[in-house]
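Mapping to the numbering used here: the sequence shown position 151 is 151, numbers consecutive.
Ideal Cβ positions, reconstructed from N, Cα and C, are used throughout, including at glycine.
Since the structure is predicted, the reported quantities are computational estimates derived from the model, not experimental observations.
To start, the structure under review is shown below, and the notes come after it.
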Amino acid sequence: MNKLIFANLIHRPLRSIISVLAVAIEVVMILSIVAIFMGMLNDQKQRTNGIGADLVVSPSNASFMNGMSGAAMSAKLAPFLATLPHVAVAAPVIQNFSMGDSLEILYGVDFKTFNALKPFIFIAGGPFQGPDDVIIDDVWAKTGGGHHVGETVNIQTLHHNFRICGIVESGRGGRRTIPIETLGALTGSDGKASIIYIKSDDPANNGLIRQEIESTPGLGGYRVQAMEDIISMYTPSRFPGFDRALDVVITIAVIVGFLVIFQSMYTAVLERTREIGILKAMGASKLTIVGAVLRECGAMAVAGVLVGIGATLGVRALLAVRFPGFAFELTWAWIGNGALIAFAGALCGALYPAWMAARKDPIEALAYE
1 MNKLIFANLI
11 HRPLRSIISV
21 LAVAIEVVMI
31 LSIVAIFMGM
41 LNDQKQRTNG
51 IGADLVVSPS
61 NASFMNGMSG
71 AAMSAKLAPF
81 LATLPHVAVA
91 APVIQNFSMG
101 DSLEILYGVD
111 FKTFNALKPF
121 IFIAGGPFQG
131 PDDVIIDDVW
141 AKTGGGHHVG
151 ETVNIQTLHH
161 NFRICGIVES
171 GRGGRRTIPI
181 ETLGALTGSD
191 GKASIIYIKS
201 DDPANNGLIR
211 QEIESTPGLG
221 GYRVQAMEDI
231 ISMYTPSRFP
241 GFDRALDVVI
251 TIAVIVGFLV
261 IFQSMYTAVL
271 ERTREIGILK
281 AMGASKLTIV
291 GAVLRECGAM
301 AVAGVLVGIG
311 ATLGVRALLA
321 VRFPGFAFEL
331 TWAWIGNGAL
341 IAFAGALCGA
351 LYPAWMAARK
361 DPIEALAYE
């Protein structure tokens, strides 16, 4: 029976290839959207966690998503917070969401205090030497054919040229960092900050620092959060529409795979009417006929899943070469989920043709022209 199944697949190679590709496209669609979103989410999560702060002070109505709340606080609040008991460092930062030459969050920092949270590790160059300097990380340095210290780059959303003064190891805030005074002047936020990062003298004193800030007159309207609490918010459920978007993509992918497999197996059953009649005349049960059709579909589904996973890995490799800063996170858990969804959708597409084949009368089937 297995030989018969594979012979049927080879007998109509174009139809078999189209069916395999339909399942493969289904897998690529599911895995790609998950990998792109989860990659961006986890990359931002890791770089936020790598800043080295223990507490974060922000306006009460600020979004936990970096760069989404503008600069609504006075940067002068940072020096005052630094005088509070148990506060070792208070670093004001402007976060500016950029959609120019790439999708990123620009960081405007006071180098002395921001570096005190967790020192930059310079691969080349050094700190800011002037207001028009920019520090880039090693990932961004590989984009666009590569960048080097001393090169002039244009940040399109700011319409301003900057000189690369240093290249640092990635994992600390933004991929491009400029002086807070410069970013404030270019965005109309002079003397402002989006957020203030605080490093305590001992993590055990974080609660005391929070109480001190909340009890200080004039600071009651600010929100004080532990960094681990903010990091815990970086989950798909916290992003409105992600689950729905994922459901829509999966549904479309399953429908595509279902219809192609259904058409392929339905046509195959019609073409093999006499073959089915012979099998039933030889004593094959309905369950045997259904099993033969589903096994043929299963073989194409397995091939499609493998091709789809291979194609997705190819997409990841291509993006890594062409866009080094683009996060594409492919996990084994989602590879398994995507494979199961595609395989189940393909089998569902073959159920009706299999049932139709099992119901054929052997006499009529043998007489079929």
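query	result
Taking Phe343 as the reference, which of Ile18, Ile17, Leu14, Ala22 has the closest Cα?	Ala22
On a Cα-Cα basis, can you pick out the residue from Ala354, Asn96, Leu41, Ala78 that is closest to Leu186?	Asn96
Quick check: the segment 214-230 against the segment 106-117, are there 3 or more CB pairs under 8 Å?	no
Check whether the Cβ atoms of Glu104 and Arg175 lie closer than 7 Å to each other.	yes
Pull up the DSSP beta-bridge partners for Glu104, would you.	Ser98
Looking only at its chain, what residues have a beta carbon closer than 6 Å to the beta carbon of Gly304, apart from the 5 residues adjacent to it on each side?	Val20, Val23, Ala24
In chain order, what are the residue ranges of uninterrupted beta strand (DSSP E) at least 3 long that sit wholly in the segment 162-190?	176-179
Run through the segment 306-358 for me and flag every whole alpha helix (DSSP H) of 4 or more residues, listed as ranges in chain order.	332-358
How do the segment 196-210 and the segment 77-95 stand: do at least 3 beta-carbon pairs fall below 8 Å, yes or no?	yes
Report yes if the C-beta distance between Ile30 and Gly345 is below 7 Å; otherwise report no.	no
Can you confirm whether the segment 38-50 touches the segment 327-335 when touching is taken to mean that 3 or more C-beta pairs between the two stretches lie within less than 8 Å?	yes
Considering Cα atoms alone, identify which of Arg163, Thr157, Leu158, Ile51 is closest to His147.	Arg163
Less than 7 Å between CB atoms is the rule here; does Gly166 satisfy it with respect to chain C?	Any reference to chain C falls outside this structure, which holds one protein chain only.
If you drop the 5 nearest sequence neighbours on each side, which residues of the same chain put their C-beta closer than 8 Å to that of Pro59?	Ser69, Ala72, Met73, Gly221, Tyr222, Arg223
Out of Glu212, Pro79, Arg15, state which residue places its alpha-carbon closest to the alpha-carbon of Lys192.	Pro79
Which same chain residues end up closer than 7 Å to Gly67 when comparing Cβ atoms and leaving out the 5 residues on each side of it in sequence?	For Gly67, the predicted model reports a pLDDT of 44, less than 50, meaning its position is unreliable; a value from the coordinates is still stated below. Contacts found: Gln95, Asn96, Phe97, Ile105.
Is Ile135 closer than 7 Å to Gly166 when the C-beta atoms are compared?	yes
With 16 other CB atoms within 10 Å as the buried threshold, where does Asp133 fall?	buried
Please name the residue or residues paired with His160 in a DSSP beta bridge.	Ile155
So what's Phe122 in DSSP terms, helix, strand or just coil?	strand
According to the neighbour-count rule (16 or more other Cβ atoms, all chains shown, within 10 Å of its Cβ), is Glu26 buried or exposed?	buried
Kindly indicate which residue of Leu183, Lys142, Phe128 has the alpha-carbon position closest to the one of Ile155.	Leu183
Pick helix, strand or coil for Asp54, following the three-state DSSP scheme.	coil
Is it the case that the segment 43-51 contacts the segment 250-265, given that we only count it when at least three CB pairs across the two stretches are under 8 Å?	no
Skipping 5 residues on each side, what residues in its chain have a beta carbon closer than 6 Å to that of Pro179?	Phe128, Pro131
To the nearest whole angstrom, what separates the beta carbons of Ile196 and Ala91, a pair I think is in contact under 8 Å?	7 Å
Can you find the residues in the same chain that come closer than 6 Å, C-beta to C-beta, to Gly126, ignoring five residues on each side of it along the sequence?	Gly166
Whose C-beta lies closer than 6 Å to the C-beta of Val374 among residues of the same chain, with five residues either side of it excluded?	Missing from the structure shown is residue 374; the chain here goes from 1 to 369 and no further.
Considering Cα atoms alone, identify which of Thr177, Gly144, Ala82 is closest to Phe111.	Thr177
Alpha helix (DSSP H) containing Gln225: first to last residue?	Element bounds for Gln225: not the alpha helix (DSSP H) but the beta strand (DSSP E), 222-226.
Going by the DSSP bridge assignment, what does Pro236 pair with across the sheet?	Answer by DSSP bridge pairing: none, since Pro236 is not bridged.
Suppose you measure from the CA of Gly188 to the CA of Lys76; what does that come to, to the nearest Å?	16 Å
Helix, strand or coil for Lys192? Go by DSSP, reduced to three states.	strand
Under a three-way DSSP split, which group does Val248 fall into?	helix
Quick one: measure Cβ to Cβ for Ile261 and Ala357, integer angstroms, because I've assumed they're closer than 8 Å.	At roughly 15 Å, the Cβ-Cβ gap does not stay under 8 Å, so Ile261 and Ala357 are not in contact.
Taking the CB atoms as reference points, tell me whether Leu294 and Ala226 lie closer together than 7 Å.	no
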